[in-house]
Amino acid sequence: MQHLEALYNRMDQRLEQFGSLVKTLQSALNEDTTRLELISHDLEEGIRTLRLLPLSTIFNLFPRMVRDLARQEGKQVELTIAGGDTRADKRILEEMKDPLMHILRNAVDHGIELPAEREQQGKPATATIHLRGYQTPTSIVLEVKDDGRGLDLEKIKQTALKKGLCREDDLATLSPSQIQSLIFTPGFSTCPLVTEVSGRGVGLDVVQTQVEKLKGHIQVESIPSQGCTIRIHLGLTLATMHVLIVALNQIPYAIPVEFVQTTCLVKREDIFTLEGRETIVHDDRPLSVAYLSDLLELPGQSSLPTGSLPCIILQVGQERLGLFVDTLVDEQDVVLKPQSQLLKRVRNVSGATILGTGEVCMILNPQDLIKSVWQRGSAVEHFQADMRNPARPTVLLVEDSIATRTQEKRILEAAGYEVITAVDGMDGYNKLRSRPFDAVISDVQMPHLDGLELTTRIRQHQDYDEMPIILVTSLASDDDKRRGAEAGANAYITKGSFNQEILLTTLQRLI
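FYI, in the working numbering the residues of the sequence shown are 260 to 770.
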């Protein structure tokens with residue numbers, strides 16, 4: 260009996276020692292984990308800091324350029340620079356040099372008046388352009404501000420109507436900030452003359468495309484006769500992003516937190532219709548709302564269910580939008596995955612990431628979502644008219660061979676398509692900019708501008724991101740097909756195995 264008690268006491272002591280040892284090991288493990296997290300964080304910050312350069316790296320390139328342009332235009336302009344010490348990702352600096360240069364060129368050429376005109380308006384003869392960079396908690400901001408003539412809203416609207424960029428009834432529903440944003444539309448220019456300074460075939464739409472490529476957005480403010488301010492908001496880093504995870508049909512989607520103003524619950528009875536769009540009142544102002552599933556063209560609710568819905572209030576510049584989702588999941592930092600070369604750009608989507616659960620998650624583009632609501636509203640408004648007058652799909656056929664062009668045109672017209680022909684790539688590009696098309700069919704080997712260059716140029720414009728492009732050519736090697744895909748073509752058909760059924764089936768599938 261005494262022997263058993265001794266064994267029991269010894270076992271109890273060993274268990275106590277074992278428990279104490281486990282606690283010691285657990286404490287040491289926690290300390291090691293904390294230390295590793297700190298080291299990992301320091302390494303991450305160190306690597307991120309290595310990629311940072313001061314904005315003065317590119318800002319210092321502009322004073323001489325502005326001075327030379329002003330002298331060439333017969334104007335007096337002083338460029339002031341602030342915030343050159345602000346540091347930004349090296350890639351941001353590399354990618355933003357040309358867009359900033361183009362904005363400054365436009366300011367000198369279009370925004371600044373001649374000295375005599377400025378004096379008549381009571382302004383100093385010497386105009387001032389302020390170039391400033393600064394950092395907010397969520398972004399790097401590049402600001403170009405001038406004291407010139409500002410943006411003429413009426414002139415912008417007239418130009419948009421004249422060039423077919425917008426319908427008159429659509430313009431009536433746009434806010435002043437949305438009208439100002441039309442200057443970034445492909446093909447837009449209020450200047451009747453092409454100048455060496457700013458009319459070199461590169462419009463402000465290319466500036467917007469470059470900014471969106473960097474996951475940023477542009478904000479425009481203008482007061483007539485007082486000047487114009489353009490602010491470019493860019494992420495602090497291009498490697499990671501802080502996002503809000505939401506769910507639709509149990510599938511996760513990510514929205515950058517910097518564009519989320521707030522979230523709330525909305526009751527069915529609080530929703531009403533204003534100018535053909537579902538609307539709620541938020542902060543004592545009307546706010547357009549939409550189902551995220553509708554904007555992404557996913558299966559979802561066709562009408563609001565009873566009860567309350569989670570609503571995300573997005574704000575991009577001065578534009579706001581409420582998005583209905585199924586569930587608000589979490590906030591987290593995610594690593595951005597580079598977009599595949601096969602996907603040049605997907606509407607409403609800016610990238611992708613892999614969550615900690617291993618799920619692939621699309622990162623949504625708030626700017627595109629807001630644009631989709633306005634386009635969707637216009638489509639609803641004109642739906643009845645479109646049903647009464649169904650239009651034939653219009654195809655742009657670009658082919659330098661008369662025989663091939665005639666044959667393909669007859670095939671397409673017999674299938675019910677309206678066909679507009681172009682004799683080479685440059686002719687095709689000019690015709691594409693003059694009117695809307697549903698698809699482009701092009702040869703590759705052509706004078707002036709070949710099919711690959713034409714495809715690349717089309718894909719540079721955001722409005723043509725979803726334009727179906729089919730290349731029909733005698734070049735049949737795998738390298739040729741790869742170059743076609745890299746340029747942005749949706750399909751590649753070789754003339755050696757040409758079959759009209761293949762062409763028509765491919766076209767029908769893409770449209």
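Ideal placement from N, C-alpha and C gives every residue a C-beta, glycine not left out. As the structure is a prediction and not an experimental result, all values here were calculated from the model.
Where the beta strand (DSSP E) through residue i begins and ends
| i | result |
| --- | --- |
| isoleucine 572 | 567-575 |
| proline 313 | 311-313 |
| glycine 710 | First-last for glycine 710: 710-718, but that is the alpha helix (DSSP H), not the beta strand (DSSP E). |
| alanine 347 | 346-348 |
| phenylalanine 321 | Unbroken run through phenylalanine 321 is the alpha helix (DSSP H), 321-332; no beta strand (DSSP E). |
| proline 511 | 510-515 |
| proline 545 | 544-550 |
| serine 481 | 476-482 |
| glutamine 394 | 386-394 |
| glutamine 520 | 519-526 |
| serine 440 | Per DSSP, serine 440 belongs to no beta strand (DSSP E) and is neither H nor E. |
| leucine 656 | 653-657 |
| arginine 536 | 536-541 |
| glutamine 485 | Segment: none, glutamine 485 is in no beta strand (DSSP E) and carries neither H nor E. |
Residues of its chain near residue i, where Cβ-Cβ distance is below 7 Å and the 5 sequence neighbours each way are ignored
| i | result |
| --- | --- |
| proline 706 | Asp659 and Asp683 |
| proline 333 | The identity of residue 333 in the sequence shown is glycine, whereas the question assumes proline. If we look at glycine 333 and ignore the five residues flanking it on each side, its Cβ neighbours are Leu373. |
| alanine 611 | Lys596, Val619, Cys620, Met621 and Ile622 |
| arginine 716 | Tyr688 |
Contact check, residue i vs residue j, beta carbons under 8 Å
| i | j | result |
| --- | --- | --- |
| leucine 551 | leucine 503 | no |
| valine 654 | tyrosine 676 | yes |
| leucine 390 | phenylalanine 447 | no |
| cysteine 523 | glycine 409 | no |
| leucine 338 | proline 322 | yes |
| alanine 698 | isoleucine 752 | no |
| histidine 820 | valine 516 | In the structure displayed, the chain extends from 260 to 770; residue 820 sits before or after that span and is not available. |
| valine 400 | threonine 499 | no |
| leucine 573 | valine 519 | yes |
| alanine 386 | valine 336 | yes |
| glutamate 427 | leucine 433 | no |
| isoleucine 700 | glutamate 672 | no |
| alanine 366 | isoleucine 340 | no |
| valine 403 | serine 440 | no |
| glutamate 471 | glutamine 331 | no |
| glycine 342 | leucine 314 | yes |
| isoleucine 514 | isoleucine 571 | yes |
| lysine 416 | leucine 430 | yes |
| isoleucine 371 | isoleucine 489 | no |
| glycine 576 | histidine 720 | no |
| serine 398 | leucine 557 | no |
| leucine 473 | glutamate 354 | yes |
| glutamine 704 | threonine 663 | no |
| glutamine 759 | isoleucine 629 | no |
| proline 204 | leucine 412 | Here the chain has residues from 260 to 770 only, and residue 204 is not among them. |
First through last residue of the alpha helix (DSSP H) which encompasses residue i
| i | result |
| --- | --- |
| glycine 581 | Looking at the DSSP string, glycine 581 is not in any alpha helix (DSSP H); the run it does join, the beta strand (DSSP E), is 578-583. |
| leucine 671 | 661-673 |
| tyrosine 688 | 684-693 |
| aspartate 738 | 737-746 |
| threonine 765 | 759-769 |
| glutamine 467 | 463-472 |
| lysine 421 | 412-421 |
| leucine 430 | 427-430 |
| leucine 399 | The residue you asked about is not leucine; residue 399 is isoleucine in the sequence shown. Here isoleucine 399 belongs to no alpha helix (DSSP H); instead the beta strand (DSSP E) covers 398-405. |
| arginine 377 | 374-379 |
Chain-order list of residues whose beta-carbon lies under 6 Å from that of residue i (same chain, five-residue window excluded)
| i | result |
| --- | --- |
| phenylalanine 443 | Leu463, Asp464 and Gln467 |
| methionine 685 | His707 and Leu708 |
| threonine 714 | Ile728, Ala746, Gly747 and Ala748 |
| glutamate 244 | Residue coverage of the chain in this structure runs from 260 to 770, which leaves residue 244 outside it and unanswerable. |
| leucine 312 | Lys349 and Leu352 |
| arginine 377 | Ala384 |
| leucine 568 | Val525 and Phe583 |
| histidine 492 | Ser398, Val400, Gly475 and His476 |
| leucine 266 | none |
Whole-number beta carbon distance between residue j and residue i, since they are thought to touch under 8 Å
| i | j | result |
| --- | --- | --- |
| glutamine 711 | threonine 680 | Note that residue 711 is leucine in the sequence shown here, rather than glutamine. Wrong, their Cβ atoms sit about 20 Å apart, outside the cutoff. |
| threonine 538 | valine 548 | 7 Å |
| glycine 392 | threonine 345 | 5 Å |
| isoleucine 622 | valine 605 | The pair is not a contact, with the Cβ atoms about 11 Å apart (cut-off 8 Å). |
| leucine 507 | aspartate 405 | Not a contact, Cβ separation roughly 43 Å. |
| proline 445 | aspartate 722 | 5 Å |
| serine 484 | glutamine 380 | 6 Å |
Close Cβ partners of residue i (< 8 Å) along its chain, the five nearest in sequence each way excluded
| i | result |
| --- | --- |
| glutamate 264 | none |
| proline 511 | Ile504, Val505, Val588, Leu614, Glu618 and Cys620 |
| arginine 651 | Gly675, Tyr676 and Glu677 |
| leucine 546 | Thr538, Ile539, Val540, Ile572, Arg579, Leu580 and Gly581 |
| valine 632 | Arg536, Ser547, Ala549, Leu554 and Leu580 |
>> With a threshold of 8 Å, are at least 3 pairs of Cβ atoms found where one atom belongs to the region 757-767 and the other to the region 722-739?
In response: yes
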